[in-house]
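S.K.: Quick note: to get the numbering used here, add 160 to the position in the sequence shown (first position is 1).
Here a beta-carbon is modelled for each residue, glycine too, at the ideal position from N, C-alpha and C.
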Amino acid sequence: MKNIELRQLINDKRIKFYEIAREIGIAPTTFTIWMRDELTDEKKEKVLSAIDSLID
Numbered sequence: 161m162k163n164i165e166l167r168q169l170i171n172d173k174r175i176k177f178y179e180i181a182r183e184i185g186i187a188p189t190t191f192t193i194w195m196r197d198e199l200t201d202e203k204k205e206k207v208l209s210a211i212d213s214l215i216d
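1) Quick test of your reading: residue 237 and residue 183, contact by CB under 8 Å. State the CB separation rounded to the nearest angstrom.
2) I'd like the ranges of any alpha helix (DSSP H) spanning at least 4 consecutive residues and lying wholly in the segment 171-211.
3) Using only CA atoms, which one of 191, 178 and 187 lies nearest to residue 163?
4) Let's test the definition: count the other Cβ atoms within 10 Å of the Cβ of residue 210 and tell me whether it reaches 16, buried, or not, exposed.
Here it is in structure tokens:
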């Protein structure tokens, strides 16, 4: 499984993939496809920023 640390963080914070996708400005299906492979540093930063926004 790819992006294990991110998946664990998302699970721990009880955030849904569609919420992150909405925060980034992409379709939920696109985010699911992103998570299939290891994210680039740029995409990882976007996801982490979205998570921070959602938990505040």
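M.R.: Judging by the given coordinates:
1) Since the first residue shown for the chain is 161 and the last is 216, residue 237 is missing from the structure and cannot be characterised.
2) 177-184 and 188-194
3) For the purposes of this step, residue 163 is taken as residue 3 along the sequence shown, with counting starting at 1. For residue 163, the closest of 191, 178 and 187 by C-alpha to C-alpha distance is 191.
4) In the sequence shown, residue 210 corresponds to position 50, counting from 1. Residue 210 should be labelled buried.
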